[in-house]
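Residue numbers (this note's numbering): 871 to 1178.
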């Protein structure tokens, strides 16, 4: 945990001696210098990788360079060299992304390769202690299940080919990660929670797509997802309130609003009255959520509360 202190004010107020303040200043200067060195090295390795990639622009080049960067980052993480921790994180993540892109291009979206990449990212996340890699592992699993993004003429698209399968698999992953996180040490618990939250976001995206288009592969109409999403949000929100999970409550509130407005405008269309009514309801949702967050803040003052 990082804490910001005004050393001059603390010395003037008699809460620190001059010698203690000088020691803290030296420690801060050392950490700042180490941070700068890590950033310069990270930019250097990225620049070299980009240069080589431009000279030899092939997926194989990306895989080799990514492997070297990721191997260096993991080696530094395993060695527990605190001075190079930031550089190790950047090298590991950059290398993982390069490998991911190169292998994905060569495999042409193969299911088994995507599952293998999911497993590899999961292992790398644990070894490097990287929350970003943990999130990428869940996103890679979503890709294996048929999710993806696209860009065309200043427009971005999110696609979920198998919403029912995606929801079922990711819900099982969420439950497993939650149960495992209760028994893990703090560092690994953090990774499990990050992965779980990413999976929660992707489940809601799958519900959103399903509520609009249904699931053509299983012949499930959009109404099934519309009703199922509403029930899931309600049940999950009630659980989160009683379990003191403010992040989950806020996420449920956001996607609940998205779900409501999706159906609202799908039914009523973009008419002046529907827009005004929707705006008023959104203000009400926002005020209710703000009130809930103030209540959570007061509970934190009174005693410990989970932030999952």
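Quick reminder that beta carbons are idealized off the backbone N, C-alpha and C, glycines included.
- Under the DSSP assignment, residue 1057 falls in the alpha helix (DSSP H) whose first and last residues are 1056–1083.
- Contact check for residue 942 and residue 970: beta-carbon distance about 17 angstroms, past the 8 angstroms limit, so the pair fails to qualify.
- Judged by DSSP in its simplified three-state form, residue 947 adopts helix.
- If you look at residue 990, you'll find it in the alpha helix (DSSP H) that goes 981–998.
- Burial state of residue 979 is exposed, judged by a 10 Å Cβ sphere holding fewer than 16 other Cβ atoms.
- Look at residue 1089 here: in three-state DSSP terms it is coil, with no helix or strand label.
- Between the alpha carbons of residue 1008 and residue 1054 lies a gap of roughly 19 angstroms.
- Here the stretch 1084–1095 makes contact with the stretch 1029–1037; the two share three or more CB pairs at distances below 8 angstroms.
- Distance between residue 976 and residue 1057, taken at the CA atoms: about 34 angstroms.
- Taking the Cα of residue 958 as reference, the smallest distance to any Cα among 991, 999, 935 and 1073 is reached at 999.
- If you check the CB distance, residue 947 and residue 964 do not come in under 9 angstroms.
- If only complete runs of 4 or more residues are kept, the stretch 1092–1134 shows the alpha helix (DSSP H) at 1092–1112, in order along the chain.
- Cα atoms of residue 1046 and residue 1065: separation of roughly 11 angstroms, rounded to the nearest angstrom.
- For residue 1036, the enclosing alpha helix (DSSP H) has its first and last residue at 1033–1051.
- The beta carbon of residue 1004 sits closer than 6 angstroms to those of 995, 1061, 1064 and 1065, all from its chain and outside the five residues before and after it, given in chain order.
- Each residue's CA atom was taken as its position, placing residue 1093 and residue 968 some 40 angstroms apart.
- Distance between residue 1076 and residue 944, taken at the CA atoms: about 33 angstroms.
- In the DSSP assignment, residue 964 falls within the alpha helix (DSSP H) that extends over 955–977.
- Restricting attention to 1074, 1113 and 1109, the CA atom closest to the CA of residue 1096 is found in 1074.
- Separation of the CB atoms of residue 1110 and residue 1119 is rounded to 5 angstroms, and the pair is thereby assigned contact status at 8 angstroms.
- Under the three-state reduction of DSSP, residue 928 is assigned to coil, being neither helix nor strand.
- Cβ-Cβ separation between residue 1103 and residue 1122: approximately 5 angstroms, consistent with a contact (criterion under 8 angstroms).
- Non-local C-beta neighbours of residue 983 in its own chain, meaning closer than 6 angstroms and more than five positions away in sequence, comprise 977, ordered along the chain.
- Just measuring C-alpha positions, the residue of 1090, 1059, 1036 and 966 sitting nearest residue 1070 is 1036.
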